[in-house]
Every structure is written in structure tokens, then in C-alpha cells.
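Report on the following structure.
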Amino acid sequence: MLLPLRRLMSFSVRSFKAPLAVDQVNVCLSSRFSRLVHPDPSIEQQKTLNWEDLKRQTPRLFNASKFRFQGLSEDHPSSQLQMNWGLTDYASYLGTCCSSLAPQLLEDGEMLHNDRFVFLSRKVGVAAVLETRDGHVALIKRSKSVGLYQDLYDTPGGHPEPSNIQLTEDVLPTLEDAANELKRTQLEDAAKQEFFQSIVNEVYEEVNLAPQRQQPPMLMGVVLQTDACTPSFSFHIKTECSAEELRELYHAGPSDKFESVKLELLSIESLLDEGSTALDELKLTPSAQGTLGLWKQHTLRVRQQHRR
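Its first residue numbered 1, the sequence shown is counted upward by one per residue in full-length UniProt numbering.
In C-alpha cells form, the structure reads like this:
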């Protein structure tokens with residue numbers, strides 16, 4: 001059973017000091033960063049039942065491997081941001097982070113391991129503020145075919161996929177072996193590249209804007225959703241495409257058309273104006289609220305610097 005919507009709408013935001021490019025970020029992979037199985041088999045069974053119930057309600061849902069977020073550190077010796085990732089899957093995310101089990105899992109994690117998140121999936125998500133050349137930001141209205149936040153407005157987004165770099169539950173533990181250091185380094189670099197490429201791919205699949213028409217994504221911060229603090233990493237992507245061109249591309253049909261029912265293009269100036277009510281009439285997902293907040297913060301900071 002899902003948490004009530006009001007509980008699913010809570011979020012907090014962590015802003016990085018400045019937007020980060022791909023070469024300023026590192027990913028550390030380890031099975032130590034994966035979700036722990038709860039010692040009570042009935043809890044794990046309930047997690048599975050939660051997923052099966054949701055799948056019956058939303059037949060388009062499918063399970064797939066995802067990266068699991070364990071933590072991050074800024075100003076790491078080798079990069080400006082280092083993230084620790086394990087593996088999880090989408091079914092575990094819906095069955096733990098978004099379900100009525102979440103409060104107990106948080107409590108048990110703290111009590112048994114001094115880590116309140118250890119029994120939670122916390123899959124890695126990505127989201128982007130897509131900015132057109134003529135000063136508009138793109139939002140999409142989620143359809144009833146998605147698992148969560150149906151009928152709410154969202155930024156384009158999704159997930160980096162472990163399968164795209166051939167990382168599996170069998171491979172991950174072998175990276176701990178000293179003899180596999182080269183393989184681990186290669187996979188960690190591949191995970192980082194997949195992280196940044198995934199948001200480019202999601203914009204293409206959800207809005208129909210080809211990768212070559214997108215400028216390189218810049219990582220602004222992370223939105224931590226619900227009490228489980230499931231991360232949605234927030235990017236800023238600019239395009240030379242106009243708002244009207246983007247509208248035409250969307251209506252021509254992105255590959256993931258079933259996930260959304262409408263494209264909304266909002267004026268940047270209306271969003272940045274002090275006391276703006278541009279978003280008040282739109283019901284936003286927590287990821288979109290946090291991501292737009294990060295974008296606004298970074299954009300206003302840049303404008304202030306240019307005025308000096």
C-alpha cells in the first residue's frame with residue numbers, strides 16, 4: 001500500500017556550490033552501498049506484495065535494475081562531488097520508499113544499523129530544467145500510466161540505467177577484489193557517464209528534443225523526496241531550440257509519449273519575478289518543485305554576479 005499523497009509530496013533540497021560538469025563528479029560503486037534485506041521475512045514479503053498490487057493497478061509498470069544512492073561528499077580530494085552507489089530495482093523502490101512500510105524501515109535501520117536508510121531502496125533519479133533560447137522552461141503533465149504522481153506537472157526526467165553499462169548484481173561484488181581494480185575504475189567512469197547521459201536521453205524520450213540539440217547538462221543539486229530521502233538529481237540543460245519549435249517536436253511524438261499528456265512552456269522571467277505566481281496553478285511533483293527551486297537559485301545568483 002502506497003503512502004498517502006501528502007507524505008509522498010514532502011521533500012528537501014541540497015544545492016551544490018556551483019553547477020557541476022561531468023568531469024567534476026565521481027561515482028564509487030560497491031555492494032556495500034546496496035540495500036540490506038530486512039531480517040524479518042514478512043517485511044520482505046510485504047514489499048513484494050506492495051509492488052504486485054501497484055502493477056495490477058498500473059499495467060505499464062515494469063521492474064528494472066537501478067542504481068542505489070548511499071551518500072555523497074563535496075570537495076572530495078579527487079573531485080568536487082563524489083557519490084556512493086550500489087544497486088537496487090524499481091520494484092524495491094515502490095515497495096519500500098513509497099509504501100506504508102517506510103516508517104518502520106526507517107526506524108529499524110536506525111535501531112539495528114545506526115543507518116535509517118539501510119533497508120530502503122533510494123534509487124537514483126534524474127530531472128532537468130530544460131531552457132529554450134527564447135526564455136522558456138518546459139514542464140510535462142504526467143499521465144495515468146505512470147506509477148506515481150499521476151496528473152501532476154514534472155520536469156523531464158528518469159533514471160540512469162545499470163544495464164546500459166552491463167553492471168549486474170553478480171558483477172558488483174567482484175569489484176571489491178584487488179585484482180579487479182581496473183574493471184572497477186572503468187565501471188565507475190561508465191556509471192558517471194551514464195548518469196549525465198541519462199538526463200539527455202530522458203529529455204529526448206519525453207520531449208523529442210534530440211541529444212545534438214541539447215547543451216551539456218550541468219548538475220545543480222539534489223532533491224531528496226519523502227522521509228526516505230530518495231534522490232532526484234537536478235540538472236540544467238539549455239537548447240538553441242525555441243519554445244514553438246519544442247512544442248512542435250513534442251506534438252510530433254516522443255518515444256515515451258504515454259508517460260505524459262501535455263507540454264507546458266513557462267516564461268523564465270515570470271518564474272524569476274519576485275512574488276511570481278506562475279507555478280501556483282500547476283500542481284508539481286516534489287522533484288519538479290525542488291529542481292525548479294534550484295534552477296531559480298542558481299540563475300538569480302549568476303545574474304547578481306553579472307551586475308557587479
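Don't be surprised by glycine CBs; every beta carbon is placed ideally from N, CA and C. Every value quoted in this text rests on a predicted model; they were computed, and no experiment measured them.
State the beta-bridge partners of residue i as determined by DSSP.
i, result
"F235", "A128, L219"
"S65", "D89"
"Q225", "F11, T230"
"L284", "Y153"
"L2", "S99"
"Q305", "DSSP lists no partner for Q305."
"Q289", "According to DSSP, which records beta bridges pairwise, Q289 is partnered with nothing at all."
"Q214", "T239"
Which stretch, first to last residue, makes up the beta strand (DSSP E) that contains residue i?
i, result
"T88", "79-89"
"E264", "260-267"
Under three-state DSSP, which class holds residue i?
i, result
"V27", "strand"
"Q193", "helix"
"A138", "strand"
"Q166", "coil"
"G109", "helix"
"S242", "coil"
"L74", "The sequence given here places Glu at residue 74; Leu does not occur at that position. In the structure shown, E74 sits in a strand (DSSP, three-state: E or B)."
"K123", "strand"
"residue 321", "Shown here, the chain extends from 1 to 308; a query on residue 321 therefore has no answer."
"S99", "strand"
"L294", "helix"
"L271", "helix"
Taking the continuous alpha helix (DSSP H) assigned at residue i, which residues delimit it?
i, result
"P19", "Unbroken run through P19 is the beta strand (DSSP E), 11-20; no alpha helix (DSSP H)."
"N208", "No alpha helix (DSSP H) holds N208; DSSP gives it neither H nor E."
"E161", "Where E161 is concerned, there is no enclosing alpha helix (DSSP H), given that its DSSP letter is neither H nor E."
"D41", "A quick correction: the sequence has Pro, not Asp, at residue 41. Per DSSP, P41 belongs to the alpha helix (DSSP H) from 41-57."
Which same chain residues end up closer than 7 Å to residue i when comparing Cβ atoms and leaving out the 5 residues on each side of it in sequence?
i, result
"K55", "L61"
"K283", "L152, Y153"
"Y250", "V207, N208, L263"
"L89", "Correcting the residue type first, residue 89 is Asp in the shown sequence and not Leu. Excluding positions up to five away in sequence, the list reads N63, A64, S65, K66."
"Y204", "A210, P211"
"G221", "V13, R14, S15, F16, S234, L294"
Ignore the nearest five residues each way along the sequence and tell me which others in residue i's own chain have a CB closer than 8 Å to its CB.
i, result
"E181", "none"
"S73", "L81, Q82"
"L271", "V137, A278, L279, L292, K296"
Can you list, in chain order, the residues of its chain whose CB lies under 6 Å from that of residue i, leaving out five sequence neighbours each side?
i, result
"T174", "N180"
"R184", "L175"
"F195", "P160"
"N50", "G95, S99"
"A127", "T155, G157, S232, S234, S287, T291"
Check whether the region 30-43 touches the region 100-117, taking contact to mean three or more Cβ pairs, one atom from each stretch, closer than 8 Å. Enough Cβ pairs lie closer than 8 Å, so yes.
With three or more beta-carbon pairs closer than 8 Å as the criterion, would you say the region 75-87 touches the region 22-30? Under the Cβ criterion (8 Å, minimum of three pairs), the region 75-87 counts as touching the region 22-30.
Is it a yes or a no for the region 110-122 touching the region 233-246, going by three-plus beta-carbon pairs under 8 Å? With the cut-off at 8 Å, the region 110-122 and the region 233-246 do not touch.
Between the region 28-37 and the region 162-182, can you find at least three pairs of beta-carbon atoms closer than 8 Å? A contact exists between the region 162-182 and the region 28-37.
So does the region 258-269 actually touch the region 140-152, counting three or more Cβ pairs closer than 8 Å? Yes, the region 258-269 touches the region 140-152.
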